[in-house]
Amino acid sequence: MKDIFALLKQGSKASLTASIVNFFIAGLKGVAFLFTANVAMFAEMMHSLGDAINQFFVFIGSSLSKKPPTKRFPFGFGRLVNLVCVFAVVVVGILAYETVKEGIHHIVEPLPGTADTSMLLINIGVLGAAAILEGYVLYKAGKELLGQAGQPQDGLKPLTLSFKHMDRAKPATKLVFLEDTVATSGALLAILAILVGRFTGFAQAEGIASVIIGLMMFYIVYKVFMENAAGVLGESDPYMEQRVAQIVLRHEEITDIQKLFVLKEGDNLHVEIVAETDPDITVEHANEIRDEIEALILEQSHVTDVNTEFEVDDGRRAWPETQEQMDRRSKRSKKSKEE
Numbered sequence: 001m002k003d004i005f006a007l008l009k010q011g012s013k014a015s016l017t018a019s020i021v022n023f024f025i026a027g028l029k030g031v032a033f034l035f036t037a038n039v040a041m042f043a044e045m046m047h048s049l050g051d052a053i054n055q056f057f058v059f060i061g062s063s064l065s066k067k068p069p070t071k072r073f074p075f076g077f078g079r080l081v082n083l084v085c086v087f088a089v090v091v092v093g094i095l096a097y098e099t100v101k102e103g104i105h106h107i108v109e110p111l112p113g114t115a116d117t118s119m120l121l122i123n124i125g126v127l128g129a130a131a132i133l134e135g136y137v138l139y140k141a142g143k144e145l146l147g148q149a150g151q152p153q154d155g156l157k158p159l160t161l162s163f164k165h166m167d168r169a170k171p172a173t174k175l176v177f178l179e180d181t182v183a184t185s186g187a188l189l190a191i192l193a194i195l196v197g198r199f200t201g202f203a204q205a206e207g208i209a210s211v212i213i214g215l216m217m218f219y220i221v222y223k224v225f226m227e228n229a230a231g232v233l234g235e236s237d238p239y240m241e242q243r244v245a246q247i248v249l250r251h252e253e254i255t256d257i258q259k260l261f262v263l264k265e266g267d268n269l270h271v272e273i274v275a276e277t278d279p280d281i282t283v284e285h286a287n288e289i290r291d292e293i294e295a296l297i298l299e300q301s302h303v304t305d306v307n308t309e310f311e312v313d314d315g316r317r318a319w320p321e322t323q324e325q326m327d328r329r330s331k332r333s334k335k336s337k338e339e
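For what it's worth, the UniProt record's numbering labels the leading residue of the sequence shown as 1, then goes sequentially.
In structure tokens:
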């Protein structure tokens, strides 16, 4: 039992917070829907419930993914968070379908509007509170996302700059940020639809809002499924591969890279390198070079393990030279000519 609690403590706090907030919001919207029978409120309730379930699954998956490697699973359980997300979005997909279906039904057969001001205030009040709470979670998720991407987090950057750096975030943080972006905008859209329906008499507005919210949910299903399916299969990280290559080639005694890949293992990155070096160096010195390079790579965000091997320089270029390497080669050539 202690082991389970220890793993849960390592789970994604952003996912747990978002799940609790969304369960609370779904309850508020459910009560409001029972009193008002408002279809836009129903769509929002389903959206919040789907987000809460999805984020709770992600929290559990991110916790269990921190389980240390075993003899049977030597690379650990990092991809478990991707597998859990793939199954979780099935639930959200079902809820999205029901939301779109309900919206279409109310476009074809709109409910008559009501002049009851108290019903209007209930709907606007609940959706307004939901938008504020969802916006708070979105801001916190944006800050966490920028922190993982190594970007500044001040001011409104968590709400603006985060979209540019989503690819550098952990899967759980990215999911929370995407879902709460849709949740916040969905609550505001539902408020707009209710006001349009009330003051213009356009009864189909709420049904249209429900369809739009459902389609946004489908987008999250698609986005989350595709990214986590790739994670389950074993996806490379091209951005980190280039960064690691720069670190390796910056070392004066590394002449080339034969092979390099960075594999995503859930929240973690696994690095494999085969580098070329001078054939005259000793084994002891090669180990020193390996330790220096691996220490620098392990300082990079999300990198948990590095496996480095050396081969003798074969004289053929396998990896593009860096500017630093070209400068070093030019200096050596110039010095050789002078001698």
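Positions of the beta carbon are idealized from the N, C-alpha and C atoms, including for glycine.
Item                                                                                                                         : Value
Residue of Ile194, Met46 and Phe75 minimising C-alpha distance to Val91                                                      : Met46
Straight-line Cα distance separating Pro74 from Ala52                                                                        : 32 Å
For Leu260, the residue or residues it bridges with in DSSP                                                                  : Ile273
Where Thr200 falls, given that 16 or more other Cβ within 10 Å makes a residue buried                                        : exposed
Neighbourhood of Val303 by C-beta, 7 Å cutoff - its chain only, sequence neighbours within 5 removed                         : Leu269, Val271 and Ile297
Any non-hydrogen atom of the ligand FMN within 8 Å of Met46 CB                                                               : In the structure on display, the ligand FMN does not appear, and there are no ligands present to speak of.
Start-to-end residues for the beta strand (DSSP E) that takes in Asp305                                                      : Val303 to Val312
Beta-carbon contacts of Gly186 that lie in its chain and below 7 Å, excluding the five residues immediately before and after : Glu44, His47, Ile213 and Met216
Residue of Val221, Leu83, Leu8 and Leu189 minimising C-alpha distance to Ala96                                               : Val221
Cβ-Cβ separation, Phe177 to Gly142 (assumed contact under 8 Å), whole Å                                                      : 6 Å
Buried versus exposed call for Phe42 [16 or more other C-beta atoms within 10 Å across all chains shown]                     : buried
CB contact check: Val232 to chain B, cutoff 9 Å                                                                              : Judged by its chain identifiers, the structure shown contains no chain B, having just a single protein chain.
For Ile281, three-class secondary structure by DSSP                                                                          : coil
Of the residues Ile4, Asn22 and Gly11, the one placed nearest Phe182, counting alpha carbons only                            : Checking the sequence, you will find Val at residue 182 rather than Phe. It is Asn22.
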